[in-house]
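**Q**
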Amino acid sequence: MKFLPTSDADRAEMLAAIGVSSVDDLFVSIPASVRQAPSLPPPLSEIEVRRMFGNLAKKNANARETAFFLGAGLYHHYISAIADQMLYRSEWLTAYTPYQPEVSQGTLQSIFEFQTHICLLTGLDVANASLYEGASALVEALLMAERLSKGRTKVVLSQAVHPEYRETVRTYLANLAIEVVEVAVGPDGATDAAALAAEIDEKTFAVAVQSPNFYGIVEDWIAASAAAHAKGALGLAVVAEAASLALLASPGEKGIDIACGEAQSLGVPMHNGGPILGFLACRTAHQRQIPGRLVGQTRDAEGRRAFCLTLSTREQHIRREKATSNICTNQGLMALAANIHMSLLGKHGLREVAQQSHAKAEYLKGRISALPEYRLPYPGPTFNEFLVEGPRAAAPMIAELARRGILAGVPLSRFGAGPVNRFLVAVTEMNTREEMDRLVSALSEIGRER
Amino acid sequence: MSLEVEEKTPVPRDPLDPGPRHEPLVFELSGQGKVGYSLPPLDVPDVTAIPRGLLRPEIAGETEITEVEVARHFTRLSQLNFSIDQGLYPLGSCTMKHNPRINEEMARLAGFAAAHPLAPEEVSQGTLELAWRLEKALIELTGLTRVTLQPSAGAQGELAGILMVRAALAKEGNPRRTVLIPDSAHGTNPASAHFAGYTVRELKSNARGTLDLHVLEEAMTEDVAALMLTVPNTLGIFEDRILEIAEIVHGKGGYLYCDGANFNSFVGIAKPGLMGIDVMHMNLHKTFATPHGGGGPGSGPVAVCEKLVPYLPRPTIERRPDGTYVLDLQRPDSIGRLRTFFGNYGMFVRALAYIVSYGNRIGEVAQGAVLNANYIRARLASLYHLKYDTPTLHEIVFSDKKQVERGVHNVDIGKRLMDYGFHPPTISFPLIVHGALMIEPTETEGRASLDAFIHAMREIAREVEEDPQIVLNAPHTMPVRRVDEVAAARNLVLRWKPGS
Amino acid sequence: MNPEDLHYTKSHEWVRIDGEIGTIGITDHAQKELGEIVYLELPELGHVYDAEAEFGTVESVKAVSELYTPLSGEVVEVNKSAVAQPGIVNDDPYGDGWLIKLKLSSDEEVKRLMSAEDYGEYVQSEEKAK
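Protein chains in written order, with the numbering used here: chain A, 1 to 450; chain B, 451 to 950; chain C, 951 to 1080.
Given below as C-alpha cells:
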C-alpha cells in the first residue's frame, strides 16, 4: 500500500520493542464479537481511480462547458489560475489549525489579511477567520446578537433571506427557546419595511435582512438597522452574493451591527455546494462576542510583529457546555483562496467584476422581459440575479434546456417557495453576450412550445 | 538521523534585524496603478441600474498589486508554516496524515468543482451517484443503516446526531433532559448537547481512564437521552466493556452516541453497529485523509441506526429501481437542514477516492496507526509520565509531571520540538491529564521518522535535566521566537487599517 | 499565603468584610491556575445578587472562568483599574486586584465560608486529586 511506509522488517522490530508478537495483539481491548472486516472491493490503482471518477464527473453539467445562469447563493465567478496553484502547496494544504503560532505564521498572517479584506468590504471593524458557509454563519450571528442582548428572545427575519438559510436557522434555534418571526416581501420584491418595523418589539434581539435578497432585489439595510435600533435590537445584514459588496453600499455604511453570509463568490469554486466560505463581521464594541476563530497581531519574544489565535478560550474545546458557538474548524483553505483572490483583484478588480456582472445581468433582464411569454414579477433594482415568471412550470423547462447545454436558472419549486412558474437567473462576468442571446432564444422557443 | 546538540544551540540574533523570513502584509505591498487581474472588455452596455443611495464609494484600503507580488507573497508566507509533507506532525486527536494527491485532482474535475447543486437532477447524476456511493461505503464500514453527509465538520455532525436522538425521543412523547458525557470527551460533545437543548452531566473516568460502569448505571435514568462516548476515548483507550455500556444505555431507553473522531484507529477492524452504537459522526479529514488545509474545510458525516433514519437532515439521496439517483427533499420527520446545499461535497470526492484506493485493505490504516503509537509509547514511557497504563490504540497521552520538577511545562516541550523539526503534540488535552502531551503519529509515518521523533523527545528530556533554559526559551530556530499570546488578547489588533 | 482575615469559597473567591461592605476578589491559587489574565467581565453598579450567583467572568489565554458571589448583596463599586489592566489581578490578587464591592444583605451567610486555613487544606486536597 503506497501510503504506508513501514517495511516488514521494521514492523517486526517495532513489535519486538513493544513486546507483542503481532499487530493483532494491540487490538485485544476490542471484543471479538464486534470485529468484522468490511466487504469492499480490492484496492484501486491511481489509473482506475482516475477512470472511475472521470466517468462520474462526465455525467454532470458543469459551468465551464455550458451556458451557465445558476445562482441562488452559489455563483460562477472567475478565479485566477495562480490561486488554485497556491492552494496545492503542501505548506498550505497539509498544515492544520495554527494552534502553535511559531510554526504557523503563514496561515495566521493569511487569516489576518482575510479578516482585513472582509472588514474593508463590509465597512465593519472586525471579522473572524471564516465560518462553514452562509446559513450557519447567519445562525452564529443570531446567537451572537442574542448573547449581546442579555435576555431577549425573538428574531425578526425577512422572508427574502435564502430559504435554506432560514431552514438552518429553524433547525438550530428549535431547542433554544428563541422565537423566529418572518416578514414577507412587498410588491417591489424587497422586504416590507412597515411590516418589519411592526414585528420588532422589546423582546427582539436581532433583525436580519438579506441584500441582494433571495429574489435578487437590492434592499436598503438602513430600514432594518434603523428599525432594530429603535427598539434596542441589532441590525443584521445577510449577504449571499459577496461580489456585490464591491458595488453596493456596505453594511457598515448603513448602520448594520453584524454582517454575515457567504463569501464563495470571492475566489472559491462552486464545488457542487461545498466547501464554500461563511463570513461574519461586526463592530468593535461587540468584538468579544464574535464566534469562531480570530487571529490577532502581537509580538514575539524579540519584539517582532507576529500573529496568533486569540480569544480562543470561548471555543468549544475549552468552554465545553458553556461554549458560545457550534463552530470548531473554520474554512482555512477557502479563506486562503479568498485572500489570494481579493488581493489579486483588489480595489479596482473587485469593483469591475461586480460592475460587469451587474451590467450583463441588466442586459439579459431587459431581453427576457421583452419576451411576450415572460415577465419580471418584482420591479425593484437588482444586482446580478433576478426572478422571472414563465408561461408554465419552470422545473421541467429548465431540465429540458439543461439537456441542450443551457443551465437557465433555479426554479423556486426546488425550495417549495413560491409559484412553480418562477425561476431565478444569475449572471456573472463569465457570461458572454452570445450565451445570453442563446438563452433568450431558447427561452423564447421553449416558452412558445405547448 | 543524528542530531548534534551543538547544531541546535541558538544563535543570538540581532534584534534590529527584521529576519530573513519576515513578510509584509499584502496591503503593505500595494502601489497605485498596479493590477493583478485582467477581464475581457464589457460586451454589453455599461449601465448601473441601482439607485445612487444603494451604491458604495471605492473600497478604500484594498490592494493594488500584481500577480508577481501575489505569487511571492503567498509562497513566502507558506514557508513560515510547518506541514505534514515536511515531517511528522503528532498533533493528538487531529490525525495529521499524508494526503494522497490523486484525491486533490479528482476533486478538481470540472464535473465536481464546477458543478452546481441546484442543477437539474437529469444533468447531476454523477454527483448524486458519487455521494450515494460514499454513503454506501460508510454504511459498510460502520455497520449502521444510513449516513447523512451534510454536516460541515465534526462539531456540526455531533449536533445533527443529538438532534436526531432528540427528534426520535420527542416523537415517542418525551425528548428527555440530560445527556451523559465522560470527563475525557472532546469539548465539542458538551457544546453540541447544549445546543440541542440538553443539560450535560459529566461522568468521572475510573483509574484505568475508562468509563466506570457503576457510575454509568447510577447516572443512566429514564431522563437521559443519550450517552456520548468517544470510541476509543481521547486517551486512546478503547472501552473494552462497550457491549455492557450499550446494554445499560438501551435498558433505560437511551441512545448510544459515538464520537467517531477516532474511527481511524479501528476502521476496517471492527464495526460500531455491532457494538450497540446507535449514531456516530466521523471526521473525513481524520479517518479518510482529506487535507486539513490550515484549519478546514472539514466534513462530518453521521451514520445512524434504523430507528433514527426518519430524522436524517434533508435532503437525502435515493437510488431509483432504474438505477438513477434522486434527491428526497420531503422527509417530514427530518430535523431539517444544518447548512446550505449538500455539505462539503469536495471532501466527499476526496474521501471516496481514499476509500476505493484502500478498498478491502482499509484495516491496514488502523493497524499502522496503532502500531506506530504503541511503538512511541514503548520507547518513551521511561522518560515521560504516563497517568494511565491501560493499553492504547492510535494515540498516547503523556504528561509533563517529571519535567515540571525542573520548571519545564508541556508547552515548553512542545516549543522545543519545533527546533528538532517536528510539530508539537496536542498540549493540555484531554483535561483529565494535567500537563498533557497527546501524541498521535498516524499510520503514514515510517520507522525512520518515528525514531527521529523519539530521539528528539529523549534529547529534550535530557535537556530538561541538564539545561532547562534551552527548553524554556524555545523555539530558537523558527521564523519567530515565542509569540506573546497574552499581549494579543489584552490589546486586540484584529485587522490592518489603511494608513497604519 | 492566604490572608487570615478573609473568607473563602470553594470556587476560589475571597471576601473581606468591612462593616456592611464586602470586597470580593479571586485567590492567589486561582490566578496561578488561570495564568495571565487578559480580560475581566464585571457587573454594573446597582446589580443585586444572591450568594453563589454568577457575577462575571475572568479570562486568561487558556481558560474562561465564571465568578461567583460569596455572599448576597448589591454591587456598589467595580474595580475599573483591574478591568483596564487585568494583570493587576495576577500581581496583587488580595490587594489592588480586587474585583467588586457589595453592600451585603445578610450577616448570617458568612458562616458558610471557609477560613484561610480551611481553604488552604481544600486547595491541597484538590491538587492531590490531579
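Virtual Cβ for every residue (Gly too), placed ideally from N, Cα, C.
Please list, in chain order, all residues of the same chain as valine 139 (chain A) whose beta carbon is under 7 Å from its beta carbon, the five residues on each side excluded.
**A** Position 139 of the first sequence holds residue 139 (chain A). Excluding residues within five positions, the ones whose Cβ falls inside 7 Å are Thr168, Val169, Tyr172.
**Q** Would you please verify whether the beta carbon of tyrosine 989 (chain C) is less than 8 Å from any beta carbon of chain B?
**A** Taking the first residue of the third sequence as position 1, residue 989 (chain C) is located at position 39. Judged by the 8 Å Cβ criterion, tyrosine 989 (chain C) is in contact with chain B.
**Q** Which residues, taken in chain order from the stretch 997-1018 of chain C, show a beta carbon closer than 9 Å to some beta carbon of chain A?
**A** Of all residues in the stretch 997-1018 of chain C, Glu1009, Ser1010, Val1011, Lys1012, Ala1013, Val1014, Glu1016 have a Cβ within less than 9 Å of some Cβ in chain A.
**Q** Does aspartate 437 (chain A) have its Cβ less than 8 Å from a Cβ in chain D?
**A** Note that chain D does not occur in the displayed structure, where the protein chains are A, B and C.
**Q** Output the distance between the C-alpha atoms of glutamate 48 (chain A) and asparagine 128 (chain A), rounded to the nearest integer angstrom.
**A** Counting from 1 along the first sequence, the entry for residue 48 (chain A) is found at position 48. Counting from 1 along the first sequence, the entry for residue 128 (chain A) is found at position 128. In a straight line, the C-alpha of glutamate 48 (chain A) is about 41 Å away from that of asparagine 128 (chain A).
**Q** Arginine 940 (chain B) versus chain C: which residues are under 8 Å apart at the beta carbon?
**A** Translated into the one-based positions of the second sequence, residue 940 (chain B) becomes position 490. The answer, in chain order, is Val988, Tyr989, Pro1036, Gly1037.
**Q** Measuring CA to CA, which of C:Glu1077, C:Pro1036, C:Ile1050 is closest to asparagine 941 (chain B)?
**A** Indexing the second sequence from 1 puts residue 941 (chain B) at position 491. Cα-wise, what sits closest to asparagine 941 (chain B) is C:Pro1036.
**Q** Do threonine 1007 (chain C) and glutamate 1027 (chain C) have their C-beta atoms within less than 8 Å of each other?
**A** For the purposes of this step, residue 1007 (chain C) is identified with residue 57 of the third sequence, where counting begins at 1. For the purposes of this step, residue 1027 (chain C) is identified with residue 77 of the third sequence, where counting begins at 1. Result no, Cβ atoms of threonine 1007 (chain C) and glutamate 1027 (chain C) do not sit closer than 8 Å.
**Q** Check the Cβ-Cβ distances between proline 381 (chain A) and every residue of chain B, and say whether any is below 8 Å.
**A** Sequence index remark: in the first sequence, residue 381 (chain A) carries index 381 (1-based). So, interface residue.
**Q** Is the CB-CB distance between glutamine 36 (chain A) and lysine 721 (chain B) below 8 Å?
**A** Taking the first residue of the first sequence as position 1, residue 36 (chain A) is located at position 36. Taking the first residue of the second sequence as position 1, residue 721 (chain B) is located at position 271. Going by C-beta atoms, glutamine 36 (chain A) is nearer than 8 Å to lysine 721 (chain B).
**Q** Please identify the residue among B:Phe524, B:Ser642, B:Arg912 whose C-alpha is closest to the C-alpha of lysine 322 (chain A).
**A** For this step, residue 322 (chain A) is matched to residue 322 along the first sequence. Among B:Phe524, B:Ser642, B:Arg912, the Cα nearest to that of lysine 322 (chain A) belongs to B:Ser642.
**Q** When you check each C-beta in the stretch 515-530 of chain B against every C-beta of chain A, which residues fall closer than 9 Å?
**A** So the close ones are Ile515, Thr516, Glu517, Glu519, Val520, Ala521, His523, Phe524, Thr525, Arg526, Leu527, Ser528, Gln529, Leu530.
**Q** My output table needs one value for proline 918 (chain B): the three-state DSSP class, helix, strand or coil.
**A** Along the second sequence, one-based indexing puts residue 918 (chain B) at 468. If DSSP states are grouped into helix, strand and coil, proline 918 (chain B) belongs with the helices.
**Q** Distance check for threonine 684 (chain B) and valine 181 (chain A), CA to CA, integer angstroms please.
**A** Start at 1 with the first residue of the first sequence, and residue 181 (chain A) comes out as number 181. Start at 1 with the first residue of the second sequence, and residue 684 (chain B) comes out as number 234. So the alpha carbons of these two residues sit roughly 42 Å apart.
**Q** In its own chain, which residues sit with a C-beta less than 7 Å from the C-beta of glutamate 672 (chain B), not counting the 5 before and 5 after it?
**A** The sequence position of residue 672 (chain B) within the second sequence is 222, counting from 1. Excluding residues within five positions, the ones whose Cβ falls inside 7 Å are Lys702, Gly703.
**Q** Is alanine 811 (chain B) close to chain A, meaning its C-beta is less than 8 Å from at least one C-beta of that chain?
**A** For this step, residue 811 (chain B) is matched to residue 361 along the second sequence. A small correction: the amino acid at residue 811 (chain B) is arginine; alanine does not occupy that position in the sequence shown. Yes, contact with chain A.
**Q** Nearest-angstrom Cα distance between glutamate 694 (chain B) and phenylalanine 738 (chain B)?
**A** To locate residue 694 (chain B), count along the second sequence from 1; it is residue 244. To locate residue 738 (chain B), count along the second sequence from 1; it is residue 288. For glutamate 694 (chain B) and phenylalanine 738 (chain B), the distance between alpha carbons rounds to 29 Å.
**Q** Counting only C-beta atoms, is glutamate 667 (chain B) closer than 8 Å to chain C at any point?
**A** By one-based count along the second sequence, residue 667 (chain B) stands at place 217. Glutamate 667 (chain B) does not count as touching chain C.
**Q** On the DSSP letters alone, give me the boundaries of the alpha helix (DSSP H) that glutamine 981 (chain C) sits inside.
**A** Start at 1 with the first residue of the third sequence, and residue 981 (chain C) comes out as number 31. That run of the alpha helix (DSSP H) goes 978-984.
**Q** Assuming valine 218 (chain A) is part of the alpha helix (DSSP H), what are its boundary residues?
**A** Here residue 218 (chain A) refers to the residue found at position 218 of the first sequence. First-last for valine 218 (chain A): undefined, no H or E at that position.
**Q** So, is the C-beta of glutamate 456 (chain B) closer than 8 Å to a C-beta in chain C?
**A** As a position in the second sequence, residue 456 (chain B) is number 6, starting the count at 1. Bear in mind that the predicted position of glutamate 456 (chain B) carries a pLDDT of just 41, short of 50, making it too unreliable to give a figure here.
**Q** Under the DSSP definition of a beta bridge, which residues are partnered with tyrosine 958 (chain C)?
**A** Counting from one through the third sequence, the residue named residue 958 (chain C) turns up at place 8. Paired residues: C:Trp964, C:Met1064.
**Q** Would you verify that the beta carbon of aspartate 192 (chain A) is, or is not, closer than 8 Å to some beta carbon of chain B?
**A** Here the question's residue 192 (chain A) lines up with position 192 in the first sequence. Not one chain B Cβ lies under 8 Å of aspartate 192 (chain A).
**Q** Do you know how far the Cα of glycine 542 (chain B) is from the Cα of threonine 638 (chain B)?
**A** Here residue 638 (chain B) refers to the residue found at position 188 when the second sequence is read from its first residue. Here residue 542 (chain B) refers to the residue found at position 92 when the second sequence is read from its first residue. Rounded to the nearest angstrom, the two C-alpha atoms are 16 Å apart.
**Q** Work out the CA separation of aspartate 1042 (chain C) and valine 461 (chain B) for me, nearest whole Å.
**A** Along the second sequence, one-based indexing puts residue 461 (chain B) at 11. Along the third sequence, one-based indexing puts residue 1042 (chain C) at 92. Note that valine 461 (chain B) has pLDDT 48, beneath the 50 cutoff, so the model's placement of it is unreliable and the number below is only indicative. Rounded to whole angstroms, valine 461 (chain B) to aspartate 1042 (chain C) spans 37 Å at the Cα level.
**Q** Using three-state DSSP, classify histidine 905 (chain B) as helix, strand or coil.
**A** The count along the second sequence starts at 1 and reaches residue 905 (chain B) at position 455. Reduced to three states, the DSSP call for histidine 905 (chain B) is helix.
**Q** Say whether chain B places a C-beta atom closer than 8 Å to the C-beta of phenylalanine 53 (chain A).
**A** On the first sequence, position 53 is the one that residue 53 (chain A) refers to. Yes, because at least one Cβ of chain B sits closer than 8 Å to the Cβ of phenylalanine 53 (chain A).
**Q** Assuming alanine 223 (chain A) and leucine 196 (chain A) are in contact, meaning their beta carbons sit under 8 Å apart, how far apart are those beta carbons, in whole angstroms?
**A** Position 223 of the first sequence, counting from 1, holds the residue named residue 223 (chain A). Position 196 of the first sequence, counting from 1, holds the residue named residue 196 (chain A). Confirmed, about 7 Å.
**Q** Output the boundary residues of the alpha helix (DSSP H) element that contains aspartate 437 (chain A).
**A** The residue labelled residue 437 (chain A) in the question sits at position 437 within the first sequence. Where aspartate 437 (chain A) is concerned, the enclosing alpha helix (DSSP H) stretches over 433-448.
**Q** Just by C-beta distance, which residues in the stretch 638-667 of chain B are closer than 7 Å to chain C?
**A** Against chain C - using a Cβ distance shorter than 7 Å - the stretch 638-667 of chain B contributes no residues.
**Q** Counting C-beta neighbours from all protein chains within 10 Å, is the total for glycine 745 (chain B) 16 or more, i.e. buried, or is it exposed?
**A** In the second sequence, residue 745 (chain B) corresponds to position 295, counting from 1. Glycine 745 (chain B) is buried by the Cβ-count criterion.
**Q** I'd like the list of long-range same chain contacts for alanine 63 (chain A), defined as Cβ closer than 8 Å, with 5 residues on each side in sequence excluded.
**A** Residue numbering aside, residue 63 (chain A) sits at position 63 when the first sequence is read from its first letter. Leu70, His76, Met270, Leu407, Met430.
**Q** Could you name the residues of the stretch 554-565 of chain B whose beta carbon sits closer than 9 Å to any beta carbon of chain A, in the order they occur along the chain?
**A** Correct list: Glu554, Glu555, Met556, Ala557, Arg558, Leu559, Ala560, Gly561, Phe562, Ala563, Ala564, Ala565.
**Q** For histidine 636 (chain B), which of helix, strand or coil comes out of DSSP?
**A** Taking the second sequence and counting its residues from 1, the one referred to as residue 636 (chain B) is at position 186. Reduced to three states, the DSSP call for histidine 636 (chain B) is coil.
**Q** Can you find a CB in chain C that lies within less than 8 Å of the CB of valine 930 (chain B)?
**A** Position 480 of the second sequence, counted from the start, is the residue given in the question as residue 930 (chain B). No, because no Cβ of chain C sits closer than 8 Å to the Cβ of valine 930 (chain B).
**Q** Would you kindly report the start and end of the unbroken beta strand (DSSP E) that includes lysine 1053 (chain C)?
**A** On the third sequence, residue 1053 (chain C) is found 103 positions in, with the first residue counted as 1. Note, lysine 1053 (chain C): beta strand (DSSP E), 1050-1054.
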